[in-house]
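Notes to accompany the following structure.
In the working numbering, the protein residues as written are 2 to 853.
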């Protein structure tokens, strides 16, 4: 008999051959089946001849024959009673580990079935996904019969509802979009877990075990069952298998390339896997288009099945008569059906989507398949049929469900057929920027987010409600990024030109076209002004308001800006950004309504604030406020906080530091006397404290006292700062301001620590850009760069070396990118000359490049 180490050596050798066979690696099903069979063979080798009173079964992905290289090898030992078999089971487990099969095992006895039925229904479903390996076959048969006999209607309903809830919970965690740019191949929407879940639901609902001893994956068997039951056709089976196989292939390769279990499909892995599969280095995004198409197909199928099962569970099929919608379509039980199962032209398909949105209905599987096949065959000249355009415009005027309707149109291929320009957006993305989704998905999420404002008691909600016919607003959202595939730089300008062609084709009039052109052209303007400029500078306000002909343009642009930003990623839309946009909107609206200049508006606002009794009746506070030439100070701090600032200054404290937890950030305020390179030293001390600076505001009194305000997060956790760190942070700030802290030396000490924490992917030097803008009083420098801890310190330190004095700074962070904006003068109080701009650009770029 062979010794365990000999068997282990052979097992490892055969596994290595399989794991390095490039041809098999490229066929996901072949690899998984071969790996499953290899593991089974060695289980048999080591347990053969062993007389046992238990049964050993495969579970999880091992049972499904979809075993990825570093997935858990799940085994279940089943006995009528565990106690008499405990020793034998333990010996078997030891033997398997000794030969290198790193199993994850559970031990179950027959009484567990009844126990889990009462206490843990989810664990009970594991019993529905097992495959016999070794031991007492009669016992396994008996076990299977027991499993299939215990679920009554009440238990089935409870279990299915639990699965529906689990799906929602998973989507809350990983997102409900199949087009996340760096997805989790297992758990993201449209990932492997979507398929697993519907297989489990199918097993429970039909009280059956899908797994088989055939050398096939469980997914193949499941889809053939669905075809035999006439739920899907042969084309559907082929499409679903191809899609699932690609996602499984990606998981296998992620494991193999990482030498560990890895389910996060990051940009660097996307490029690596694409090249391995034969895509050229510069063409790897084409592979990601295929991947996103696959996740979309899986997500669509999963969502349809779950919806079907949910509706069947909520009650019996209604006996109501079907309602005829027109000659081609009818609706029954909230499901839309086609009268004659024939291919649909574009106009007919558009009508179907209109009815779907109007009635908040869903499509039956037959009409979905017809639409998918019809979309592939739509001729180019059919794209512009007038009747198609009419129904598309009616979809944009629906009182509800516009985003969902457009989303299903995109999912089934009709939106791209109707809009050739939109087709280029499908699957388009920019790696390393702050977007979480592909461009088409971002656009459709933006429309959904806009719809959710309806009925909300907020400025944006009231604004949306006040617009009676919203089709041009929704169209502006749909088209705002339409030119990105042509050129990311200047896409707003190119997009505005494309709008005219598209809207003429749709039959819109001159004024509607001009409005949407304006919105697309300026869809970045409002956020750029709000996040990069001083909103208490009259010139900023005058320049912004000058782009509007009327209040309608402002109202629509505010809504479009919200829709765009809120759909970028959950991290981008913050209360701070919301407040800045609302501040800019309210000030602009007042200027347009009352025909005021920026200076007149700011004077009125400041006068009103200073007249508040809480300020006016306290001479010290009033004097303090009047000595700060920035109305933003009064908006940022409460009256109580302002009084505390005054007290600190009156006490004669050299340095005062305040902490406040606020909306996802920790807010730090520092009060001290102005001095050379003050902002730079503050930024350095915060960076040394492992803090990420999200924005900075500088308020200076006429007597030289400075109140600097920072929103920060912990660089490691991306969360607010724990109070236990306040003392260290304050100590670092104080030391830096007293010149007792050698910041450069400290940076060198902790550089290795930062390098380990930071995500270094796509921190490319070609993303650095320096822009200058001339204002009446100041020169403004906008620095665009990949985000990196300590970056703000390096930039402000370099500006100080160059003799620049910073009067105002605004930091805008978007995931891996920042735009830092500085209002500066030279040390003589003069603006930067054009001759000096070149030198400043070279010096700042070189500084940033050195730390990337």
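We treat Cβ as the ideally placed atom computed from N, Cα and C, and that holds for glycine.
- Going by CA-CA distance only, name the one from 96, 428, 215 that's closest to residue 34. 215
- Query: Cα-Cα, which of 617, 609, 659 is closest to residue 636?
  - Reply: 609
- How many Å lie between residue 384 and residue 690 at the Cα? Low confidence applies here, because residue 384 scores a pLDDT of 49, under 50, leaving its location unreliable and the question unanswered by this model.
- Task: Can you say whether residue 185 is buried or exposed, counting buried as having 16 or more other CB atoms within 10 angstroms of its CB?
- Result: buried
- Whose CA, out of 95, 465, 457, 436, lies closest to the CA of residue 565? 436
- Can you list, in chain order, the residues of its chain whose CB lies under 7 Å from that of residue 845, leaving out five sequence neighbours each side? 771, 784, 796, 799
- Query: What residues are listed by DSSP as bridge partners for residue 80?
  - Reply: 110
- Message: Am I right that residue 517 and residue 476 are in contact with their C-beta atoms under 8 Å? What's the rounded C-beta distance?
- Response: 6 Å
- In or out: residue 861 buried (at least 16 other Cβ within 10 Å) or exposed? Lying outside 2 to 853, the shown extent of the chain, residue 861 is not represented and no answer is given.
- Item | For residue 835, the three-state DSSP class (helix, strand or coil) | helix
- Neighbour-count burial assignment, residue 586, 16 or more Cβ in a 10 Å radius: buried
- Message: Between residue 578 and residue 519, how many whole angstroms is the CB-CB distance? I'm expecting something under 8 Å.
- Response: Not really, about 23 Å apart at Cβ, beyond 8 Å.
- Message: Could you compute how far the alpha carbon of residue 497 sits from the alpha carbon of residue 529?
- Response: 18 Å
- Message: Tell me the rounded alpha-carbon separation between residue 763 and residue 786.
- Response: Its pLDDT being 46, under 50, residue 763 is placed unreliably in this model, and the coordinates cannot settle the point.
- Task: Please report how far the alpha carbon of residue 483 lies from the alpha carbon of residue 292, in whole angstroms.
- Result: 22 Å
- Find the nearest neighbour of residue 942 within the set 203, 105, 468, 78, judged by alpha-carbon distance. Summary: the structure shown does not reach residue 942, with the chain confined to residues 2 through 853, and so no result is reported for it.
- Message: According to DSSP, is residue 657 part of a helix, a strand, or is it coil?
- Response: strand
- Item | residue 465 beta carbon less than 7 Å from that of residue 454 | yes
- Item | C-beta atoms of residue 442 and residue 486 nearer than 7 Å | no
- Which residues bound the alpha helix (DSSP H) around residue 563? 552-567
- Can you tell me whether DSSP reads residue 787 as helix, strand or coil? strand
- Query: Taking Cβ positions, are residue 706 and residue 535 nearer each other than 7 Å?
  - Reply: no
- Message: Let me check understanding here. Comparing Cα to Cα, which of 14, 123, 341, 250 lies closest to residue 30?
- Response: 250
- Query: Leaving out the 5 sequence neighbours to the left and right, which residues in its chain are closer than 6 Å to residue 382 when beta-carbon positions are compared?
  - Reply: Caution applies to residue 382, whose pLDDT of 48 falls short of 50 and renders its modelled position unreliable; the value that the coordinates give is listed next. There are no such residues.
- What are the residues that DSSP puts in a beta bridge with residue 662? 667
- Item | DSSP bridge partner residues for residue 324 (one or two, in chain order) | 332
- Secondary structure at residue 233, three-state DSSP: helix, strand or coil? coil
- Message: Give the list of continuous beta strand (DSSP E) stretches no shorter than 3 residues that lie fully inside the segment 676-715.
- Response: 692-701, 706-715
- Task: From the DSSP output, in three-state form, read off residue 761 for me.
- Result: At residue 761, the pLDDT of 46 sits below 50, so the modelled position is not reliable; the number obtained from the coordinates is stated separately. Coil.
- Touch check for the segment 74-90 and the segment 224-240: three-plus C-beta pairs under 8 Å? no
- Message: Using the three-state DSSP reduction, which class does residue 606 fall into: helix, strand or coil?
- Response: helix
- Query: Would you call residue 641 buried or exposed, if buried means 16 or more other Cβ atoms sit within 10 Å of its Cβ?
  - Reply: exposed
- Determine, using beta carbons only, whether residue 243 and residue 439 come nearer to each other than 7 Å. no
- Residue span of the beta strand (DSSP E) that contains residue 819, given as start and end: 818-827
- Message: Assuming residue 542 and residue 592 are in contact, meaning their beta carbons sit under 8 Å apart, how far apart are those beta carbons, in whole angstroms?
- Response: 7 Å
- Query: If you follow the beta strand (DSSP E) that residue 132 is part of, which residue opens it and which one closes it?
  - Reply: 131-136
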